[in-house]
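Reading through the C-alpha cells given below for one structure.
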Amino acid sequence: MSLKETMPLDYVGWARRANACWIVHHDLGRNAASYIDHLEQGDRPRLISSCRNAYRMVWRRDSMEDPKPWFYSGLFSLVTASEAEKFLANHWLTQIATATSMETSGVFQMNVSGITLEKIRRIQKTMAKLPGQDQGSMSHLVEALP
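Per this note's numbering, the sequence shown starts with residue 179, numbered consecutively.
Below, the structure written as C-alpha cells:
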C-alpha cells in the first residue's frame, strides 16, 4: 500500500465513537446508540448511509459550531416516522431538522429563538444537498420556518 492510499472510513464505527464521547440531554446518546443497533439488525444499507450522512454533516458545518446538532440530524436523516416516534420522542430539534412536511404541522408554533431557527435552516439546507437525498424534499421546511 502506498502512502497516498487510505483505508475507507468505517462510518458506523466513527458514528458510534462520536456518539459515545458527547454529553447530550434527555438520553439522546442512548437513543442514538439504540437506533444504530436497530438499523444494524434490520437495515445495514440504511445504517451505513445514516452514519455517512452524520459524518458529512459534521464536516459541512462551520468549524466554530457545535457539531452535535449536525451529527444527530445526519444520523437520523433517514429515520421513518415510527422510528422517529421511538428514538426522537424527547429531541425536538432533531425531530424538526429531519421531519417531513406532514410531520411538521404545528411544530413551528413552538417558542423557538431566531438563532435556533437559523441553525435549523442551515442544517436542513445542508441535508438537502447530501448525496442520495431528494433535493426538493426539505425545501418546504426551510421555507416554512418563520
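Note that CB positions come from ideal geometry on N, CA and C, so glycine has one too.
Quantities reported herein were computed from a predicted structural model and do not represent experimental measurements.
Exposed unless 16 or more other CB atoms sit within 10 angstroms - verdict on residue i
i	result
Leu187	exposed
Gly252	buried
Ser227	buried
Thr276	buried
Arg222	exposed
8 Å Cβ cutoff met for residue i and residue j
i	j	result
Leu235	Phe249	The question names Leu, but residue 235 in the sequence shown is Met. Result yes, Cβ atoms of Met235 and Phe249 sit closer than 8 Å.
Ala267	Ala232	no
Leu308	His269	no
Ile293	Pro247	no
Gln273	Ala262	yes
Per-residue DSSP class, three states only, for residue i
i	result
Ile201	coil
Gly310	coil
Asp188	coil
Pro324	Only weak support is given to the placement of Pro324: the predicted model assigns it a pLDDT of 46, under 50, and the value that follows is read from those uncertain coordinates. Here Pro324 sits in coil by DSSP.
Same chain only: Cβ atoms within 6 Å of residue i, ignoring 5 sequence neighbours per side
i	result
Asn209	Phe265
Gly220	none
Val202	none
Beta-carbon proximity list for residue i, same chain, < 7 Å, skipping 5 on both sides
i	result
Leu225	Val190, Ile214, Leu217 and Glu218
Beta-carbon contacts of residue i that lie in its chain and below 8 Å, excluding the five residues immediately before and after
i	result
Thr304	Met235, Arg238, Arg239 and Trp248
Ala211	Arg194, Asn197 and Ala198
Ser241	none
Ser283	Bear in mind that the predicted position of Ser283 carries a pLDDT of just 45, short of 50, making it unreliable; the figure below should be weighed with that in mind. Correct list: empty, nothing qualifies.
task: Identify every run of the alpha helix (DSSP H) within the stretch 217-295, keeping only runs that are complete inside it and at least 4 residues long; order them along the chain.
output: Correct list: 222-238, 246-253, 259-265 and 270-276.
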